[in-house]
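Residue numbers (the working numbering): 6 to 452.
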Amino acid sequence: MATFELKPTPQYFIVTSPAEYVVHVEINRPEKLNSFKPPMWLEMRTIFQQLSVSRDVRVVLFSGRGDRAFTTGLDVQAAGEGEFTNKEDSDGSRRATRLRRSILDFQDCVTWISRCEKPVIALLHGYTFGLGIDLATAADIRLAADTVKFSVKEVDIGIAADVGTLARLPKIAGFTSWVKEVALTARVFGAQEAYHNNFVSQVVPGGKDGLVKAGLDLAKVIASKSPVAVQGTKNVIDAGYGRVLEDNLNYVAVWNSAMLQSSDFEQAITTYSAKMVSRVVVLALRATEFVFTLIVMALIGNIIDEANHGNPASINFTMFVSAFSMFTLIYLFAAAINEKYAVHPVLPLAVDLLNTLFFFCSGVALAAELGAHSCSNKEYTHSNHITNGADDTEGRCREAQASTAFLWFAWAAYTASVFVSFLGARSGGVNLRSGGGRKGAPSMSQV
């Protein structure tokens, strides 16, 4: 996992890049349960400001260091020694003005999470109290570990949650009753309650490790899409808060009137159309391979069934080839319908190569042993060790010849599939010349 370079180097956060175009920001104060003191929120703002404009970032993961807490909120001891308890001004109005300025600055630091142009995924784990809820509500997507403990804790220290929770959480939940209950009581609630009240979109088992894996998988999917489309979607959704439907539609119309002219859109449409055509071609090839394999299997099966003193190895091998083809076609059909069933872009290519090799060997072996003779020639059919294995030698000969023909038809279909699978592996971002396992930058075929 590479360190993501920021200037100045963060003191209270660890910023890494676990995958291409994905950045993971971790609150790095685990010995204090990742609680915040004043310099931290200023540093956090600087981090999100830089990530917002970085061309190397498409998605941001946000979590706490260690597995004990996302953050327990404000470090009360540090806050007690800072601006919020400073009584240097004896005049109440002056002190109120100074505090208001500090609170607004604090709010601005938190708001930079939502202001970031790149989608921010909050990974909520362990204790997520007070400020932790504020930070989470500012994120675009919230995932929670199944062991997380939430609390809107501010009333327990004599204040209202003033940096985002009371403004954002009612909009997220969609109603105020539950929000008021948890905010007025400061009670602890868990992941399932948060999920049922729309606060988080997923509850992930497996603790912090499972949560980070789920977040990273989600981030990779988003990072593979057009950044113009992703940032535009985030912007339009955010801009829709508090607007009437007509205003929202006008806003997205203005936005897309510019975005529809982008090269990303043109390339995505072209690639999508090509993928649809490719899928139809692949499914047609798979259907052809299935039919030819079924015919070969039926013919060879009948030859084996009518044998009166065993069958040569070439017949048995041809039956194996047919059975192998049928078995692998289950996987190949699934991979053609949905790419996720392919497991890896190279795997369909490898399976097609095996089938091509097997059908070639079987076709050559059967053709060589049959030779070029007429099945009406009794002397030939009684002397050839393939055709003489049944009472009806002429019928056995014709079945063997037909099997040979359909073996070559199937071989031709699989050869075409090798070419199509090769193109599919290349479009999936796999560098086949360096071993097939290394992926390059997300391609527009993934849009």
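Glycine included, each C-beta is placed from N, C-alpha and C at the ideal position.
Predicted model only: the values in this text are computed from it and were never measured.
Per DSSP, the beta bridge partners of residue 156 are 134.
For residue 19, the pairing in a beta bridge is given by DSSP as 31. In the DSSP assignment, residue 129 falls within the beta strand (DSSP E) that extends over 125-129. Its chain contains 124, 125, 126, 127, 206 and 223 as the residues whose beta carbon lies nearer than 8 Å to that of residue 146, once the 5 sequence neighbours on both sides are disregarded; these appear in chain order. A Cβ-Cβ contact shorter than 7 Å links residue 191 with residue 158. Boundaries of the beta strand (DSSP E) harbouring residue 148: 146-150, taken from the DSSP string.
Three or more Cβ pairs closer than 8 Å define a contact, and the stretch 379-387 meets that threshold against the stretch 397-407. Secondary structure note for residue 14: it is in no beta strand (DSSP E), with a DSSP letter that is neither H nor E.
Here the C-alpha atom of residue 362 lies approximately 14 Å from the C-alpha atom of residue 328. For residue 208, the number of other beta carbons within 10 angstroms of its own is at least 16, and it is reported as buried. In terms of Cα proximity to residue 130, the closest of 183, 246, 212 and 108 is 212. Shown here for residue 298: same chain residues with a beta carbon closer than 8 Å to its own, the five before and five after excluded, namely 327, 330, 331, 334 and 415 in chain order. Going by DSSP, residue 74 is part of no alpha helix (DSSP H) but of the beta strand (DSSP E) stretching over 74-76. Annotated three-state conformation of residue 68 is strand, per DSSP.
Put simply, the stretch 214-222 does not touch the stretch 244-251. Fewer than three CB pairs are less than 8 Å apart. Residue 194 is bridged by DSSP to 155. The stretch 48-62 makes contact with the stretch 13-22: 3 or more CB pairs, one atom from each, lie closer than 8 Å. Three or more Cβ pairs closer than 8 Å define a contact, and the stretch 285-298 falls short of that threshold against the stretch 306-320. DSSP places residue 289 within a helical segment (H, G or I) once states are collapsed to three. With respect to the C-alpha of residue 38, the residue from 112, 80, 62 and 44 having the closest C-alpha is 80. For residue 79, the three-state secondary structure derived from DSSP is strand. In this structure, the CA atom of residue 134 is about 49 Å from the CA atom of residue 338. In the three-state reduction of the DSSP assignment, residue 296 falls in the helix class. Distance from the CA atom of residue 413 to the CA atom of residue 350, rounded to whole angstroms, is 26 Å.
DSSP, reduced to helix, strand and coil, places residue 312 outside both helices and strands of the structure shown, so it counts as coil. The three-state secondary structure of residue 41, taken from DSSP, is strand. For residue 99 and residue 108, the gap between their C-alpha atoms comes out near 14 Å.
For the pair residue 32 and residue 77, the CB atoms are not nearer than the 7 Å cut-off. Between residue 234 and residue 64, the C-beta gap is not smaller than 7 Å, which leaves the two residues out of contact.
Distances from the CA of residue 232 to each of 426, 58, 20 and 40 were compared; the closest alpha carbon is that of 58. DSSP places residue 234 within a helical segment (H, G or I) once states are collapsed to three.
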